[in-house]
């Protein structure tokens, strides 16, 4: 996982609620065998017309032609399909932080495991931040703050484990492997408690 | 001992280790894998030179990216490569693989229970958000991402925080023409598409007990559409009867032992849920979606709402976008909306009861001339075989439906079955998202009976008035 510390940059505004992972990455891009190269297809229907032309009023259009590293979205962002391809696409597209009142559960886990920082803030705080301007937002993970000039800053909550993993860029599987003995003990007791639990195909 | 909900019992039986912040390391009893979300996880294992810990707890089947017209490998190179990768990865890591030519092949959430690989009391995961389907058996089942798949491959565990608990209590009897799909939509409408985020749903009450296993699967399948990763129904005699003698179900003494332990899988009568909602089954009308979120539900005799009628600004914005995409004006009567495509299938509604329900309507007529495509896609080879034994295939074919091979098909636009841009589809699947059934495709979610009725009339149709018509016609003779 790529470590995250401090980031300053502009935000893209996606105020609708229930933006699903089919919007973040349509299913016909799920035929890939690797994690790379999905950024071009991210938010395809928000960026391109059905004929493939660039949408003039896309929220992703910026005068400088760059991709804003922050997204400010409506509630329940990332709902729907469990496809981690959505997180890979966001990462490849250049998004590092998403701010929303609430994220969908599966998306939240996937995003974290790919080093994306998800920040939950109340809608009122988001409205106030957006009103203050979204060109120079600073996210400080260690301090757990979102700030922007002339507005001040607000503290966000984050799971301490996720925070330490993001700050250090840690590999979760390697962490779990330290508990291999405990897993083995559990596994034996589990199968002793319920002899039927191991799958066995009838002949 | 503190009274516990079913979810809490299942959770506690699988905790290996608990961190101070409440996150637990959970043991995983079964892992279903398919072609779309696993290649990168296998690559991760190889890159880190890790072994796959318990291949015996995994079952693999191709479903999302398969052709429903032919059992041959698809002609397009990308799909063929993804299917070949699954087969090769399973061989390399010693995982049981059900090939596309096998009669047991089908949608992963149909075949798991059908083969008895899914059992009550287990933790079940799959890289697919509709894994909650297996919760119909009193199984703690949930969808996971590819990094989590890799974690399960390597350790047979996952780090998770326990969900809050939400009980959906449904009492009473369904009105004629109303069934599990309408209930699933009614629950989503009541909770909202994100209303159950962070929660595990347990469905209970007399209306749930009365549901068949197929109906319970339809209901649990759509838990994720309200934001819940897990949906549960406590196992009962119907559950045991369904599972007995299935290929991977325990046999002999082990079966008796298993059933005895499954009987304990109920929420204690004094267990406390974090949230409870109540629905009256008898008050639910046949439902259909009008927008691009599964919460956009209305009775079939209702109309498309006005975006300005929603209080919340973020929802108004979402509905404006939805109606523009759907090509619908506020106030349009739902039963007046013409459709050009019909899809009967998906992990939500492709089981034998769903096909019987659709066939019972299809036998009254022919697919309307204005309907360009009407697909019936059984959920598995075994469902297909059963349907054919009952003559359902002949009813569908005689009525002008296409009778296909098993797969995810037109649910998600990643195989050959797609709805063309701007076209409208009456679909028994689970998601009406923008582009879900194809770029620019417009989806209306509904029950198998209503999908079949829409195919015959060419427009969204109230099953209650439709079902009365064939009867009158036969009386007129």
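Residue numbers (our numbering), protein chains in the order written: chain A, 1 to 203; chain B, 1 to 477. Cβ coordinates follow ideal geometry from the N, Cα and C atoms, glycine included. Predicted model only: the values in this text are computed from it and were never measured.
Residue 147 of chain A to residue 138 of chain A span [Cα, whole Å]: 5 Å
CA-CA distance, residue 209 of chain B and residue 359 of chain B? 25 Å
Mind checking residue 120 of chain B: buried by the 16 CB within 10 Å criterion, or exposed? buried
For residue 202 of chain A and residue 6 of chain A, what's the separation of their Cα atoms in angstroms? 57 Å
Check each candidate in B:225, B:256, B:335 and name the one with the smallest Cα separation from residue 143 of chain B. B:225
Taking C-beta to C-beta, are residue 368 of chain B and residue 455 of chain B nearer than 8 Å? yes
Residues from the region 429–445 of chain B in contact with chain A, defined by Cβ distance under 9 Å: 431, 433, 434, 435, 436, 438, 439, 440
If we ignore side chains and look at the alpha-carbon of each, how far apart do residue 306 of chain B and residue 322 of chain B end up? 11 Å
Quick one: is residue 337 of chain B near chain A, going by C-beta distance under 8 Å? no
Can a CB atom of chain B be found closer than 8 Å to the CB of residue 134 of chain A? no
If you measure beta-carbon to beta-carbon, which residues of the region 10–43 of chain A are closer than 7 Å to chain B? 15, 16, 17, 18, 20, 22, 23, 26, 27, 28, 30, 31, 33, 34, 35
Kindly confirm or deny that the region 126–135 of chain B and the region 82–92 of chain B touch, where touching means at least three C-beta pairs closer than 8 Å. no
Proximal residues of chain A, C-beta to C-beta of residue 198 of chain B below 8 Å: 105
When you compare each of B:366, B:220, B:46, B:108 to residue 154 of chain B by their alpha carbons, which one comes out closest? B:46
Cross-chain neighbours of residue 315 of chain B in chain A, by beta carbon under 7 Å: 17
First and last residue of the uninterrupted alpha helix (DSSP H) at residue 147 of chain A: Note, residue 147 of chain A: premise wrong, no alpha helix (DSSP H); beta strand (DSSP E) at 145–148.
Could you give the C-beta distance for residue 414 of chain B and residue 30 of chain A, rounded to a whole number, given that I count them as a contact under 8 Å? 5 Å
Mind listing the chain A neighbours of residue 151 of chain B? Cutoff is C-beta to C-beta under 8 Å, in chain order. 172, 173, 176
Could you tell me whether the Cβ of residue 53 of chain A comes closer than 8 Å to any Cβ of chain B? no
Of the listed residues A:32, A:43, A:46, nearest to residue 38 of chain B (C-alpha basis): A:32
Spatially closest choice to residue 155 of chain A from A:188, A:129, A:170, by CA coordinates: A:129
Going by DSSP, what residues sit across from residue 150 of chain B in a beta bridge? DSSP, once it has assigned bridges, lists no residue as partnering residue 150 of chain B.
For the pair the region 86–97 of chain A and the region 68–75 of chain A, tell me if three or more CB-CB distances fall below 8 Å. yes
Residues of its chain near residue 266 of chain B, where Cβ-Cβ distance is below 7 Å and the 5 sequence neighbours each way are ignored: 6, 234
Which residue spans inside the region 93–147 of chain A form an unbroken alpha helix (DSSP H) run of at least 4? 105–113, 123–132
Under 8 Å from the C-beta of residue 195 of chain A: neighbouring residues of chain B: 254, 257
Can you find a CB in chain B that lies within less than 8 Å of the CB of residue 179 of chain A? yes
Just the Cα atoms here: how many angstroms apart are residue 12 of chain B and residue 345 of chain B? 36 Å
Against chain B: residues of the region 49–83 of chain A by CB proximity under 8 Å: 50, 74, 75, 76, 79, 80, 81, 82, 83
For a cutoff of 8 Å on Cβ pairs, would you count residue 11 of chain B as touching chain A? no
Taking contact to mean 3 or more Cβ pairs, one atom from each stretch, closer than 8 Å, check whether the region 211–220 of chain B and the region 293–304 of chain B are in contact. no
For a cutoff of 8 Å on Cβ pairs, would you count residue 88 of chain B as touching chain A? no
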